[in-house]
Structure formats: structure tokens, C-alpha cells
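**Q** When we follow our numbering, the leftmost residue of the sequence shown carries the number 12, and every step to the right adds one. For every residue, glycine included, the Cβ atom is placed at its ideal position computed from N, Cα and C. Just so it is clear, the structure is predicted and the values come from calculations on it, not from any experiment. The following block contains the structure, expressed as C-alpha cells.
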Amino acid sequence: MDFKPANNIQDLQYFGEFGGVNPSISDSSTYTFLKAKTMFDTFEGNTDGCYLYSRHTSPSNLYLGEALAAMEGTETANVAGSGMGAITATILQICGAGDHIVSSRTIYGGTYAFLKNFTPRMNIETSFVDITKLDVIEAAINEQTKMIYCESVSNPLLEVADINALAALAKKYNLKLVVDNTFSPLSISPIQFGADVVIHSLTKFINGSSDTMGGVVCASTDFINSQKSVINGASMLLGSSMDSLRSSSILKNMRTLHIRIKKHSENATYLANKFEADGLKTVYPGLKSHPSHEVFKSMMNEEYGFGGMLTIDVGSLDKANALMELMQEKNLGYLAVSLGFYKTLFSAPGTSTSSEIPEDEQAQMGLTDGLIRFSIGLDNDIERTYQMMKQCMLEVGVLKQEVLV
Ligand SMILES: *Cc1c(COP(=O)(O)O)cnc(C)c1O
Numbered sequence: 012m013d014f015k016p017a018n019n020i021q022d023l024q025y026f027g028e029f030g031g032v033n034p035s036i037s038d039s040s041t042y043t044f045l046k047a048k049t050m051f052d053t054f055e056g057n058t059d060g061c062y063l064y065s066r067h068t069s070p071s072n073l074y075l076g077e078a079l080a081a082m083e084g085t086e087t088a089n090v091a092g093s094g095m096g097a098i099t100a101t102i103l104q105i106c107g108a109g110d111h112i113v114s115s116r117t118i119y120g121g122t123y124a125f126l127k128n129f130t131p132r133m134n135i136e137t138s139f140v141d142i143t144k145l146d147v148i149e150a151a152i153n154e155q156t157k158m159i160y161c162e163s164v165s166n167p168l169l170e171v172a173d174i175n176a177l178a179a180l181a182k183k184y185n186l187k188l189v190v191d192n193t194f195s196p197l198s199i200s201p202i203q204f205g206a207d208v209v210i211h212s213l214t215k216f217i218n219g220s221s222d223t224m225g226g227v228v229c230a231s232t233d234f235i236n237s238q239k240s241v242i243n244g245a246s247m248l249l250g251s252s253m254d255s256l257r258s259s260s261i262l263k264n265m266r267t268l269h270i271r272i273k274k275h276s277e278n279a280t281y282l283a284n285k286f287e288a289d290g291l292k293t294v295y296p297g298l299k300s301h302p303s304h305e306v307f308k309s310m311m312n313e314e315y316g317f318g319g320m321l322t323i324d325v326g327s328l329d330k331a332n333a334l335m336e337l338m339q340e341k342n343l344g345y346l347a348v349s350l351g352f353y354k355t356l357f358s359a360p361g362t363s364t365s366s367e368i369p370e371d372e373q374a375q376m377g378l379t380d381g382l383i384r385f386s387i388g389l390d391n392d393i394e395r396t397y398q399m400m401k402q403c404m405l406e407v408g409v410l411k412q413e414v415l416v
């Protein structure tokens, strides 16, 4: 595999309006025309390089989209005001009344709620499946199915989708394969394995400073143009657009993405190995014990590692809460949802980010009460972090003091 996502980003060259090393921010929601005829033509989509109104597009949004398309290896990309803005506009672009979706059952809580509770109002039905079981997925496909939806590395259980195999199924039944790659930017490049559309929440690793929301759809020019159509495009008409100030700040943060991802992965690998050796039930795609370790390895752009997300199961919600509160007190990270921050973030998904999923379904998919999801930060001295975390685990009884003989 010699796809080089970070090189592709780096090879883009930007010049600002006044020769600045950063592109100028287009601080306007609307744009003037010298001739009325040009305005009409722009509305019709017949003028390259002309801007009309910022919900359609803006120079800053195009710059950011260009970098994200380069990263994922797609013809183009369209940024959105949030990850959910990108996801909902993609699902509703592909599916309408009477259509059917086959989706992984372990996905972001918001996406799950959208498919489970919202789209049925439009007569769009979804079958939720174990995305690692290809026979189950194939059996769920019917005449009305339009899309297979999954996350390359799933939230919060860190199941890994075999994108090659899913793409083959999608092709066989003429479906679109849509992959949310939020947990594994740079590490996995789904388009290389046959995905049709790749989505990110930019709010997480890609921006990496937990100061803004954002989303993106990376796909073919045809698909993105259909989403942006003023006549019937889902992203245009649902209106989840990004502001230019934000797209310019996210573009700047993308320049360090490769360095950050390597460090997130290095630190998470170190902790996952230590936690597992201590006897904690640890899930991390980089561990040999992970059921999809080999699948991840077969897809990964090696230098970026297995990502910054890991989970441990400490047995009960009480213990999970006690541990998280103590770790925050010791300044080892924050008890917060979201991911990709420079500090470690931890939360118990069952009562937070996945609380949209009913309890019995949580149990079915293996989402237990004692599960803690970690987004491992950029700590310079991860060994010290580990020692301090271990101390916390001993204090709250998640680990037992070793008896010295
Ligand atoms: C956060 C997240 C989303 C939603 O993104 P927002 O920017 O919060 O709208 C979607 N998918 C995954 C995997 C996420 O982690």
C-alpha cells in the first residue's frame, strides 16, 4: 500500500491574496458581480471561480475541502458545519422514501438515532447488523437497499470494518458504501479499498483542538455536485454549512495532523499494552488480542499506527465513574466526550455518547456499563502518565495491589 495521505496534503500550495503564506479568509457571506448575466450563470452553475453566496460555497471552504479530498484520495470534498451535518446530508442524498439501509449497529450515537428514530419518518428503514459478519450483512440486503453504512473503526467498541469485503458486496448489489472515518484519519484510507463516500467529523482528530465543529463528505465530483445542487441537493437545502473563519482555522490545524496522529497512536499503543499486561480487559486495534487486528493491519497506512482510541472495561459503572473522576483530579485528562484533543479524554459511552442506544441493545452489542472510552492525548511522557493512571486504578480498586513475595 503506497497511498501517502499526508504527502498529498503537503503537496498542495496556497497563496494568500497579498502573497500571504496562508490563504486569505473570505470574510463575506455574499459576493458581488459586475454583470447581472454572470450572476445568473453562477446560479446555474456555469461559471468557474465565481462565488455567489456562502451556503453554496466560499473560497475558504474550497481550500479546506481540497486538502481533505487530497487526504482521502477523492476527486473532491464538501465541508459541513458538523459531522452530523455531513452524515445526514449524505444519507438523505442517497436515500428517499421506500429505500432501505444496511448499517453497522455499532456507530456514533447520533448517527444511530438518526437512522433508528428519524429517517423512519421519511419511510427509510435501516437494518442494523454486526459489521464484522459478512453473511449477516448480505442476508440483510433487499430490493430496496441503497446503501451500506459503517465506520472504519467503530464508536465506541472499536470494531474494524473490512472495507474491501464490504465494497465487494456493495458492488455486487449496486449499493453505495459510505464509511465514517472519524476514528482513523490517515491510518485508514477507505477509498483505496473501494468505499464510495468517506465522511469525517472534523470536530475530532482532524481539527484536534476541541475548539470547533465541522464535517466533510469526500467523494466523486458527481456525488458532491448532486449534494450541492441548488435545486435538490441535500447539503445545500438542509443548510449545514461551515463558516469561512472556521474552515480557515481547521485548514491550519491539518498541517500538523500527521505528527499528531503518530503521537496519539504511539501513546495509545503504549498504554494498551500496559493495561492488557496488568490484566485489564483492553480493546485496541493494535493489540494482537483484538478480533480485527489483522483486518486493520491489512488496510493501514503503517506509519500512522492504530489510532488514539482505546477502551477498558472496569466491571461496573460505579468503578468507571470513580476512576474517571480521580484521573481528572490528578490532571491525567478530562472527563469529557469527544476525541482527538491534546489531552486525554475519557467517558463511559453507555451513559453518554451512546445513551441514544436502548439498554437492551447496548447489552446485545457488548456495550457494558463498566466500559471507559479513552481518546489518548499527546502526552510527552506517556510512561509517567501510565504510572499515575495505575496509581488511580489501584486506589479505586480497578487493579489489585500486587503482593510482593
Ligand atoms: C463525533 C462523531 C460524529 C458526529 O460529528 P459532530 O461533529 O459531533 O456532528 C460522527 N461520527 C463519529 C464517529 C463521531 O465520533
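Could you spell out where the beta strand (DSSP E) holding residue 191 opens and where it closes?
**A** 187-191
**Q** Helix, strand or coil for residue 171 per DSSP?
**A** The answer is strand: DSSP assigns residue 171 an E or B state.
**Q** Counting Cβ pairs closer than 8 Å, one from the segment 267-279 and one from the segment 147-165, do we hit at least three?
**A** no
**Q** Is the beta carbon of residue 319 within less than 7 Å of some heavy atom of ligand 1?
**A** no
**Q** Enumerate, from N- to C-terminal direction, the unbroken alpha helix (DSSP H) stretches of 4 or more residues contained entirely within the segment 341-382.
**A** 370-376
**Q** Looking only at its own chain, which residues have a Cβ that is under 7 Å from the Cβ of residue 14, when we skip the five neighbours before and after it?
**A** 84, 200, 203, 312
**Q** Return yes when the C-beta of residue 142 is under 7 Å from any heavy atom of ligand 1, and no when it is not.
**A** no
**Q** Taking the alpha-carbon positions, what's the residue 129 to residue 103 distance?
**A** Residue 129 and residue 103: Cα-Cα distance of roughly 11 Å.
**Q** Just to confirm my understanding: we take residue 379, look at its own chain, exclude 5 residues before and 5 after, and list those with CB closer than 6 Å. What are they?
**A** 324
**Q** Rank 397, 30, 404, 354 by C-alpha distance to the C-alpha of residue 386 and give the top, closest one.
**A** 354
**Q** Is it true that the segment 81-95 meets the segment 189-198, where meeting means three or more beta-carbon pairs spaced less than 8 Å apart?
**A** yes
**Q** Determine the DSSP secondary structure at residue 252, reduced to helix, strand or coil.
**A** coil
**Q** From the DSSP secondary-structure annotation, give me the bridge partner or partners of residue 211.
**A** 227
**Q** Quick one: what does DSSP say residue 140 is sitting in, helix, strand or coil?
**A** strand
**Q** When DSSP labels each residue in this structure, what does residue 325 get in the three-state scheme?
**A** coil
**Q** Using DSSP with H/G/I as helix, E/B as strand and the rest coil, what is residue 295?
**A** Coil.
**Q** Looking at C-alpha atoms only, which residue of 399, 24, 58, 95 is the closest neighbour of residue 225?
**A** 95
**Q** Excluding sequence positions up to five away, which residues of its chain have a Cβ less than 7 Å from the Cβ of residue 149?
**A** 180
**Q** So for residue 64, helix, strand or coil by DSSP?
**A** Under the three-state reduction of DSSP output, residue 64 falls in the strand class.
**Q** Would you say the beta carbon of residue 234 comes nearer than 7 Å to a heavy atom of ligand 1?
**A** no
**Q** Using a threshold of 8 Å, state whether the C-beta atoms of residue 352 and residue 388 are closer than that.
**A** yes
**Q** Which of the three DSSP states is assigned to residue 132 in this structure?
**A** helix
**Q** So, for residue 196: in the same chain, excluding its five sequence neighbours on each side, which residues have a beta-carbon less than 6 Å away from its beta-carbon?
**A** 216, 217
**Q** Confirm the yes/no value for this check: CB of residue 357, any heavy atom of ligand 1, distance under 7 Å.
**A** Answer for residue 357: no, Cβ out of range of ligand 1.
**Q** Using a 10 Å radius around the Cβ and a threshold of 16 neighbouring Cβ atoms, would you call residue 187 buried or exposed?
**A** buried
**Q** Hey, residue 300 and residue 264 are a contact pair by Cβ (cut 8 Å); roughly how many whole angstroms apart?
**A** At roughly 33 Å, the Cβ-Cβ gap does not stay under 8 Å, so residue 300 and residue 264 are not in contact.
**Q** The alpha helix (DSSP H) spanning residue 288 covers which residue range?
**A** 268-288
**Q** From residue 34 to residue 26, what does the alpha carbon distance come to, in whole angstroms?
**A** 5 Å
**Q** According to DSSP, which residues form a beta bridge with residue 162?
**A** 191
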